[in-house]
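Structure first, commentary second.
There are 4 protein chains.
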Amino acid sequence: MTQSKKIAAAVVGATGYAGAELVRILWDHPGVELTALTSRQYAGQAIADIFPAFRGIVPLVCEEFDAQSIGERADVAFLALPHKLPMAIVPKLEGTHTKVVDLSADFRFSNQAAYESVYQPHTSPELLQSSVYGLCELYRDQIAKASIIGNPGCYPTCSLLPLAPFIRQGFISTQGIVIDAKSGVSGAGRGLSLTSHFCEVQEGFSAYKVADHRHCPEMEEILSMEAGKEVRITFVPHLIPMSRGMLATSYSMLKKNMDTSAALKILTAFYKDCPFVQICPEGTLPGTSHVRGTNGIHIAARVDQHANRLILVSVIDNLVKGAAGQAVQNMNIMFGLPENAGLNNTPYPL
Amino acid sequence: MTQSKKIAAAVVGATGYAGAELVRILWDHPGVELTALTSRQYAGQAIADIFPAFRGIVPLVCEEFDAQSIGERADVAFLALPHKLPMAIVPKLEGTHTKVVDLSADFRFSNQAAYESVYQPHTSPELLQSSVYGLCELYRDQIAKASIIGNPGCYPTCSLLPLAPFIRQGFISTQGIVIDAKSGVSGAGRGLSLTSHFCEVQEGFSAYKVADHRHCPEMEEILSMEAGKEVRITFVPHLIPMSRGMLATSYSMLKKNMDTSAALKILTAFYKDCPFVQICPEGTLPGTSHVRGTNGIHIAARVDQHANRLILVSVIDNLVKGAAGQAVQNMNIMFGLPENAGLNNTPYPL
Amino acid sequence: MTQSKKIAAAVVGATGYAGAELVRILWDHPGVELTALTSRQYAGQAIADIFPAFRGIVPLVCEEFDAQSIGERADVAFLALPHKLPMAIVPKLEGTHTKVVDLSADFRFSNQAAYESVYQPHTSPELLQSSVYGLCELYRDQIAKASIIGNPGCYPTCSLLPLAPFIRQGFISTQGIVIDAKSGVSGAGRGLSLTSHFCEVQEGFSAYKVADHRHCPEMEEILSMEAGKEVRITFVPHLIPMSRGMLATSYSMLKKNMDTSAALKILTAFYKDCPFVQICPEGTLPGTSHVRGTNGIHIAARVDQHANRLILVSVIDNLVKGAAGQAVQNMNIMFGLPENAGLNNTPYPL
Amino acid sequence: MTQSKKIAAAVVGATGYAGAELVRILWDHPGVELTALTSRQYAGQAIADIFPAFRGIVPLVCEEFDAQSIGERADVAFLALPHKLPMAIVPKLEGTHTKVVDLSADFRFSNQAAYESVYQPHTSPELLQSSVYGLCELYRDQIAKASIIGNPGCYPTCSLLPLAPFIRQGFISTQGIVIDAKSGVSGAGRGLSLTSHFCEVQEGFSAYKVADHRHCPEMEEILSMEAGKEVRITFVPHLIPMSRGMLATSYSMLKKNMDTSAALKILTAFYKDCPFVQICPEGTLPGTSHVRGTNGIHIAARVDQHANRLILVSVIDNLVKGAAGQAVQNMNIMFGLPENAGLNNTPYPL
């Protein structure tokens, strides 16, 4: 592939954790040339001054976002910004050839009212119909044709992929699903807050936003679509005293008897062509360290037979499969590259 | 209180984590004189050489366990040993005046078959009828009269106290209870294992023994007794990358409508005379760091009304309320001391 | 001791980490009644709402600082405030009977110019002559007579106590002392900063303010006084990915030959009447976890004979012996209480 | 490069931490085919069962070590074994074409007596003359011609690279060098020990082997060779509560006046052709997280002018530049590949 054929990519909001992960992945991506990084807070500064790990490696300098300039210099723009900003920016990129992968919630919902019930009034509702929910393993075909991707939230990615085969095929009840999820601190971003202060987090574990997290309606919309009828879930997130990693444990009722082995076969068949999905062999369980720094998701299933309950345990790196990695996976699909291009490094053993 | 009136206490198995916590608590206890520490592995060595935090403070030396000697020197013996050893030791203490608080599972079950289904054949089954399950807030009266206490497991302590008021009073269904629990590493003890190796734990989070943990039948026995009919639960424990602390999130179905405020009132009324139980005000949630090093349990409730589901979140220090602290609380009750004697230090703010 | 004879104490700045530790210690102190907590940021809020560990235990509410009110209600005021505020506040308390233990740097220096070279112009220089440097083990006699104490910095406390016997008695050269110190994150306080963000600290270790830290002149002033001539040191602090704890390793040249055993004897003799100082037996070394949550300092010595160099390793809890604990120790001395009153809890074994 | 031209590599001892890192790096290395993994403990098991991060990625199975088989199947064998085993194995590979990179201490010393003073009798002393110390940035030319490499220890790598330009060029005194170093827990390996138990390490920091670590004579041999006369150092290692990463702070006396800027220029010039060495710009300092997972070393210098002392601070990942990464760098040099082949992934920003 010649230099001129590479995809020109911009990272808008390059100095948050998801943005910096995008820089890391895209800089090594064999099919991409990284042409622009933007940051309001650090405009004019080298990215390597913000993240010294990039010193001597990534020579780019952050700039202010300018829609026209990005439109001219990028085939794809990754938006790693707080909610509300992308829905103002994306319309400005319409008319350019620049495709968008938005990591915020602004283009994840097809139902405007659902979005507005947990975020704010949507200022570009007309784009919600053409944007595609970028959960790659489920919606590859739509993603391939899309020009605006709403990159899924980390909790939905980790929780929906294990449930999808069972809900789509009607193996579990649409009633009574419980998702008990746990995330590392990087999920809360690089902004300053007492809840991210080292001394408030270290050697502590807590629940937060019990049955009140904004990722809940995002999951309910997708599950309802997959089930063909309304699904309501109970979702409780927790904060783990570690930087990266997410684990979701879900509990649902089987509609017919099934043992653990059968549940694993359903998962294995469903994801047989998905390079990033690993189904854990029976008797083994996933840990977040197994996927640290990778775009993988490891899924285990176990049937609690006396209760006829299906237990699914899944792990991702919240910054990779839960954010930047899946965003690049979406780009790969949109541009016809191999789905794992730039995402297939062998992971760290610990 | 004069020196001669103090309770003479022995810690059998003083060099594990629960044993060392017992040493800490008993050494400062105003009504106790610590007369003997035993350890097979470290017999002959000063406890302060094993735990340098005790240097200059606790001058005791570990000795081999000898039933006759302990029987003569201790009004109460705390057994902080692996399962199976206590049921061999306790009969040897019968006939002495020494009361026993056993921190293993050996005397937690009244149903011998339930014990044997997850542990091993019980060699002193005749003692199971006289021993009392030492969940202090629920069984004070029986504890006060007992001479053998089966000190509850950490997961049962953390999970049962929030559920008890609702199950006993019939507010929740006995069907479909899910307990998703999370524990720090010290729960696995001081023994060497890859699963406790720093590099295997740090920056990782995982589930283990999914629907297969030995604390599950312990909880089912108590819940069934409280409900007056058989209760089966789904229980999934997880390992948190931290030393101390435990959080349990339980999900159960309300039998009649109730809001969060009503659920909190039930908890508050039930535990109004319990010095170690704090019900979190509506809108607040507990974290393990709020009870680190203390014998407290903090409990929050939230009703997920669209699902009619009661969510309970509770935290304890697994080594204190989940082990050594509750053991001392049991002793206090058995010997007629104030329930919080020796257990009422103001906790660390972080 | 009757209730009316208790020392009335106020904590000014109760919601930082050192302030909250003061609350913890003073609340349990048998000779103290805690009469006031102040906080600019949280005035009107219960301390237990800021630090939920205090829930159900400490019922006090934070108030705005008012000098006259504090002067009337407190025999002693602990100032746990940022540098610069105490030198404005202390003069307002002159004329009341309230003694002051100031945890900032404002009253640590007797040399005004040294203070001003690293802080700012001193607005109450006349008080520097009567205030006493509260390094308890060295300056008990002056402390007993003082009404204003400059409570030492954490690094100076940890570094000076091991060096003092050797420098005072002339065993080591006043030239070429190197102090390589390491601190947990709580030393930087509860304020928000990227350098305290969990994800920026976890799994990282770094040096900071190399040969440029404000505790360096504080140490040089004391060492020079003890040596009877000017001492200049090289001081490099580092940040450890943990909450609490500090370790200092110092390197100095022996003026005459001495082996490790002799060095340990010097330390043991010097600190024989000091309840908080433990000299580690030859062949053992201290760790920060040995003193976590305590007012202790553990000190090891080793002579590197081929280089004729004395190596001292010492550990403290930066929030206790390095801040709140030593402040209370100073109060005990000022008011004629046993030096370890309220500070002698048995520590956690892990 | 065609498949047949790839270097066939074996990892002997693949299931320790350094071994597993070798697997990670070599599996992705564009010029290498990984042909054999050996493990005594796990022979017959898939490496992905030992390290689940490799699941679905590395399909290799561990085998027992057999010298003849390895000799036939490997152009290069990496020995990631405990000290003492390699000196028994390497002679068995003599006569085959297999080159050796040994990660133990067995081939690091040219002086047999120095080795034996801190390890054990050397059973293959004749090979010490032909083996080369694999500190790549200093000894590239000898490495290129060698067939046995003694891969440097992690502490020597981190400490020697900053000092080398100054000691070789005579800028610092050969007397009085102090190295105060700090390492993450993975440096102690995957073996079980109380000192690696999570609960004994977490929230703790300690010194160990003060002036008594086996890496000290390794450093003294190299420094003496570079200086052209005997150098004795004082070396104190410490244990950081984190998995990966190492930081060394060294203190040495300048022989002539020099400011920080001049010291940085010396470093920059010395390492101008070294892709893995980054000299931190004046005013910035390195942290271990800046090199996590990479083969880089970041070095800062600061002159403490009132003491005429040079302070050097350097960071590496102990498992990469301190072990597996440098081993691969040595291989690259031995086989004429670009020095950074397989080692130039963009690092994680956090």
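Chains as they are written, first to last, in my numbering: chain A, 567 to 916; chain B, 567 to 916; chain C, 567 to 916; chain D, 567 to 916.
Glycine residues also receive a C-beta, built at the ideal position from the N, C-alpha and C atoms.
Owing to the predicted nature of the structure, the values given are computational and were not obtained by experimental measurement.
* To do: Answer with buried or exposed for T761 of chain B, where buried requires no fewer than 16 other C-beta atoms within 10 angstroms of its C-beta.
  => exposed
* By how many angstroms is the C-alpha of S605 of chain A removed from the C-alpha of E939 of chain A? -> With chain A covering only 567 through 916, there is no way to say anything about residue 939 of chain A.
* Using 8 Å as the limit for Cβ to Cβ distance, is H804 of chain A near chain C? -> no
* Asked: Got a sec, what are the start and stop residues for the beta strand (DSSP E) I865 of chain D sits in?
  -> Counting along the chain, the beta strand (DSSP E) containing I865 of chain D begins and ends at 863-870.
* To do: Closer than 8 Å by beta-carbon distance: list the chain C residues that pair up with S809 of chain A, in chain order.
  => F764, C765, Q768, E769
* Whose CA, out of B:T800, B:L789, B:V869, lies closest to the CA of T826 of chain B? -> B:V869
* Asked: With D668 of chain C and N717 of chain C assumed to form a contact (beta carbons below 8 Å), what rounded beta-carbon distance in angstroms separates them?
  -> 6 Å
* To do: Below 7 Å CB to CB, which residues in the same chain sit around V642 of chain A once its five sequence neighbours on both sides are set aside?
  => I573, A575, T664, K665, V667, M897
* Asked: In the stretch 727-755 of chain C, which residues sit with their C-beta less than 7 Å from some C-beta in chain A, listed in chain order?
  -> Of all residues in the stretch 727-755 of chain C, V751, S752 have a Cβ within less than 7 Å of some Cβ in chain A.
* Asked: Cα separation between V627 of chain D and I613 of chain D?
  -> 6 Å
* Asked: Out of curiosity, what's the CA-to-CA distance linking N677 of chain A and P657 of chain A?
  -> 19 Å
* **CB contact check: G891 of chain A to chain D, cutoff 8 Å** => no
* Under 8 Å Cβ to Cβ from N874 of chain A, same chain only, skipping five residues before and after it: list those, please. => M819, L820, N823
* Provide the residue(s) that pair with H763 of chain C in DSSP beta bridges, ordered along the chain. => In the DSSP assignment, the residues bridged to H763 of chain C are A:H763.
* Around the Cβ of K795 of chain D, are there at least 16 other Cβ atoms within 10 angstroms (buried) or fewer (exposed)? -> exposed
* Looking only at its own chain, which residues have a Cβ that is under 7 Å from the Cβ of A602 of chain C, when we skip the five neighbours before and after it? -> A576, E629, I636, R639, A640
* Determine the contact status of G908 of chain C and R858 of chain C, defining contact as a CB-CB distance below 8 Å. => no
* Asked: Are the Cβ atoms of S816 of chain B and L878 of chain B separated by less than 8 Å?
  -> Taking C-beta atoms as the reference points, S816 of chain B and L878 of chain B count as a pair closer than 8 Å.
* Asked: If the cut is a Cβ gap below 7 Å, which residues of chain B does G888 of chain A touch?
  -> Result: empty, since nearest Cβ-Cβ is about 14 Å, beyond 7 Å.
* Between L851 of chain A and I865 of chain A, what straight-line distance do the alpha-carbon atoms span, to the nearest angstrom? -> 8 Å
* How about the stretch 841-850 of chain C and the stretch 765-774 of chain D: do they share at least three Cβ pairs that are nearer than 8 Å? -> Cβ pair count under 8 Å is below three, so no.
* Asked: Going by Cα to Cα distance, which pick from B:L592, B:C782, B:C720, B:E692 is closest to A754 of chain B?
  -> Ranking the options by Cα distance to A754 of chain B, first place goes to B:C720.
* For K748 of chain D, which three-state DSSP category applies? -> Three-state result, K748 of chain D: strand.
* Where do the ends of the beta strand (DSSP E) carrying K822 of chain C lie? -> That residue, K822 of chain C, is in no beta strand (DSSP E); it is neither H nor E in DSSP.
* So which residues of chain B does Y583 of chain D contact, with C-beta pairs closer than 9 Å? -> C765
* To do: Examine chain E for any beta-carbon lying closer than 8 Å to the beta-carbon of S827 of chain C, and answer yes or no.
  => The chain labelled as chain E is not found among the protein chains of the depicted structure, namely A, B, C and D.
* Asked: Who does E796 of chain A pair with in a DSSP beta bridge?
  -> Partner(s): none; E796 of chain A has no beta bridge.
* For F644 of chain A, the first and last residue of its enclosing beta strand (DSSP E) -> 642-645
* To do: Could you name the residues of chain A that I877 of chain D contacts, counting a contact when the two beta carbons are closer than 8 Å?
  => Going along chain A, no residue has its Cβ under 8 Å from I877 of chain D, so there is no contact; the nearest lies around 19 Å.
* Give the straight-line distance between the Cα atoms of F901 of chain A and V894 of chain A, rounded to the nearest whole angstrom. => 10 Å
* Does L651 of chain A come within less than 8 Å of chain C when only Cβ atoms are used? -> Output row for L651 of chain A: interface = no.
* To do: Give the secondary structure of C702 of chain B by DSSP, where H, G and I count as helix, E and B as strand, and everything else as coil.
  => helix
* Using the beta-carbon of each residue, which ones in chain B are nearer than 7 Å to D870 of chain A? -> Those within 7 Å of D870 of chain A in chain B are A777, T800.
* **Where the stretch 849-864 of chain A meets chain B: residues whose CB sits under 9 Å from a CB there** => Using a CB distance below 9 Å, the part of the stretch 849-864 of chain A facing chain B consists of L851, P852, G853, T854, S855, H856, R858, ordered along the chain.
* Three-pair Cβ contact test at 8 Å for the stretch 773-788 of chain A versus the stretch 797-807 of chain A -> yes
* **Secondary structure of I709 of chain A, DSSP reduced to three states** => helix
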